[in-house]
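**Student:** Numbering (the numbering used here), first residue to last: 63 to 330. Note that the Cβ used here is the ideal one computed from N, Cα and C, for glycine as well.
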């Protein structure tokens, strides 16, 4: 019925001209087509790329044609082109401070709900925060926010900014936030159920974030709906690895983080 063996040849290496070339930018997550090793790009030169897997193991691979899989599809990794001349920009879009030495931390702080929130804020605004001397800490939820604020002891020159997930009218989070009345505390939030949703779907090459039925743990429901065969921690690594600049995030998060940074660095 067939003119030849449909499995003949190297099915992962289609003919010349059919494989896209992708710059090996830092944190891009790919899989080596031959060994199955999957990791994020941590270094790249004109001949090879270094990948680091979720356990911290690193391996070096040559930049061979169609040697890698990106989202399951063959690609050719190439060395990223040099940045154009002009002021270097940080991931947040601000002008990067060359030769930066982190200043002594301010007494003011920014609190976020969880470790994923902290990782995303650090990846995009880390440079800006070190310039300003602002430390970001995570709360592991906001159920006890009033007590946490009281323990922090906000006052003039010692401000606290808090970023809350799913801060929408009528939510539990909005009721808790309403209990905070100190002028030296600013509680803001985004409408997303989880910080994962603050990453634009297009960055992950999905049409939209799935709707998860009530009663189903949100992260696990998203993973199942997307057909990802991985644990939440690995899924988050995949999501975070796809983010490289502020343009990869939704405006509802961008504005709130910038607002918090301005609040805690404002002169008394």
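Name the two residues that bound the continuous alpha helix (DSSP H) containing residue 176.
**Tutor:** The residue labelled residue 176 in the question sits at position 114 within the chain shown. Neither: residue 176 is in no alpha helix (DSSP H) and is coded neither H nor E.
**Student:** Could you check where the alpha helix (DSSP H) with residue 208 kicks off and where it finishes?
**Tutor:** Residue 208 sits at position 146 when you count from the first residue of the chain shown. Taken as a continuous stretch (DSSP letters only), the alpha helix (DSSP H) holding residue 208 covers 207-214.
**Student:** Bridge partners of residue 138, per DSSP?
**Tutor:** Numbered from 1 along the chain shown, position 76 holds the residue referred to as residue 138. According to DSSP, residue 138 bridges with 83.
**Student:** Since residue 173 and residue 201 are thought to touch, with beta carbons under 8 Å apart, how far apart are those beta carbons, to the nearest angstrom?
**Tutor:** For the purposes of this step, residue 173 is identified with residue 111 of the chain shown, where counting begins at 1. For the purposes of this step, residue 201 is identified with residue 139 of the chain shown, where counting begins at 1. At roughly 5 Å, the Cβ-Cβ gap stays under 8 Å, so residue 173 and residue 201 are in contact.
**Student:** Can you name the residues that DSSP bridges to residue 101?
**Tutor:** Here residue 101 refers to the residue found at position 39 when the chain shown is read from its first residue. Answer by DSSP bridge pairing, in chain order: 92.
**Student:** By DSSP's criteria, residue 124 is part of a beta bridge. Which residues make up the other side?
**Tutor:** As a position in the chain shown, residue 124 is number 62, starting the count at 1. DSSP output for residue 124 lists 110 as bridge partner(s).
**Student:** Rounded to whole angstroms, what is the Cα-Cα separation between residue 228 and residue 212?
**Tutor:** The sequence position of residue 228 within the chain shown is 166, counting from 1. The sequence position of residue 212 within the chain shown is 150, counting from 1. Cα-Cα distance, rounded: 23 Å.
**Student:** Counting Cβ pairs closer than 8 Å, one from the region 281-293 and one from the region 246-253, do we hit at least three?
**Tutor:** Too few Cβ pairs lie closer than 8 Å, so no.
**Student:** Have a look at 108, 185, 134, 310 and flag the residue whose alpha-carbon is nearest the alpha-carbon of residue 91.
**Tutor:** Numbered from its first residue, the chain shown carries residue 91 at position 29. Minimum Cα distance to residue 91 is reached at 134.
**Student:** What did DSSP end up calling residue 266 once you bin it into helix, strand or coil?
**Tutor:** Locating residue 266 in the chain shown gives position 204, counting from the first residue. Three-state result, residue 266: helix.
**Student:** With DSSP run on the structure shown, which of helix, strand or coil describes residue 117?
**Tutor:** In the chain shown, counting from the first residue as 1, residue 117 sits at position 55. Coil at residue 117, not helix or strand.
**Student:** Beta-carbon within less than 7 Å of residue 116's beta-carbon, same chain only, minus the 5 sequence neighbours each way: which residues are those?
**Tutor:** As a first step, residue 116 must be located in the chain shown, where it is residue number 54. If we look at residue 116 and ignore the five residues flanking it on each side, its Cβ neighbours are 296, 299.
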